[in-house]
Structure formats: structure tokens, C-alpha cells
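Participant:
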Amino acid sequence: MLIFTAQKDCYSILKKLVELWGNNGPPDFDEFLYNQIVPACFLGPLRETFDLSDAQTLLALNEASACLKLIYDQKGEEAIEFLQSQYLPRLDFRSNYFRPLPAPKILEFCQALRMEAKLFKQFLKVSLCLLFSIFPNKKT
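The sequence shown: position 77 = 77 (UniProt numbering), numbered continuously.
1. Touching or not, the stretch 20 to 34 and the stretch 65 to 78, by the rule of three or more beta carbon pairs under 8 Å?
2. So for P39, helix, strand or coil by DSSP?
3. Following the continuous alpha helix (DSSP H) through N62, name the residue where it begins and the one where it ends.
4. Three or more C-beta pairs closer than 8 Å, one from the stretch 109 to 129 and one from the stretch 56 to 65: is that the case here?
5. For the candidate residues S53, D30, D9 and Q86, whose alpha-carbon lies nearest to that of V18?
6. Could you compute how far the alpha carbon of K15 sits from the alpha carbon of C67?
7. So, with DSSP's three-state summary, where would you put E108?
8. Using DSSP with H/G/I as helix, E/B as strand and the rest coil, what is P89?
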């Protein structure tokens, strides 16, 4: 699907920005990283059209996963703190009304982010499958 090919390319570009500027970027890059790049890595995979059985979608998920992992590799515990205390508790999962992610799941995600990239990628895919079964979209 063209949408997910473009999405994969976007994640690749975002990952390159993190690679180049994650540790010593221009002023306010950290703000951009946490307010724009991190949400992009979650919001694409949480869309109702994100189909984990589609190969192009999985490639996009792999790039989003790699981008999140690189953010952790560059920022370390600062990224974990942001995810645990600010971003993940406020993330809306596949609905028009707020369903917060339970605190144990946030902790589990942050622990997985500390793992090697291949294991984190597998964790993210399995977690999304489970999440989609717990919080199905409104069309199903």
C-alpha cells in the first residue's frame, strides 16, 4: 500500500534526524524530538487503518520501532522518563474517547525499549496485536 510505503519513508527520515541531531542538534531539537517525532512513532501504528497482516505496514512498524529505539539509544533514561511520566499516560488508544494505558503496561514498554533492537521490534508488534484486541477500533 502506498500509504504505508510513504509512512515507512517518513520514519526513516525521522530516524536520520535523530541519528544526526539526537545528541547535539540545533537549539530546541529536543523539544521537536519529544513533541513531534515520538508521537509520530506511535500515532501511525495506532491508526485504524494500520493492518499488521500487511507486509508494507510491518515495514513501517519496523521503522517506527527503530526510530524509538534510536531515541532511547541517544537520550537514555531521559527518553524513558518522558515516556513514563508525560507521553504514554496521556496517549489515546484507537478511540475518540480517552483510554489510558495501564501503568504496568507503560513500565513493560519502557523495559522493552531498553532491550536490543530486534527484541524491542518483536515486543512492539506483539504488543500492538494485543492492544488491538483489547481496544478494538469502533468499526469492528
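For every residue, glycine included, the Cβ atom is placed at its ideal position computed from N, Cα and C.
Just so you know, these numbers come straight off a predicted model, no measurement behind them.
Facilitator: Working from what's here:
1. yes
2. helix
3. It spans A55 to K75 - the alpha helix (DSSP H) in which N62 sits, taken as one unbroken run.
4. yes
5. D30
6. Separation of K15 and C67 (C-alpha to C-alpha, rounded to the nearest whole angstrom) is 5 Å.
7. helix
8. helix
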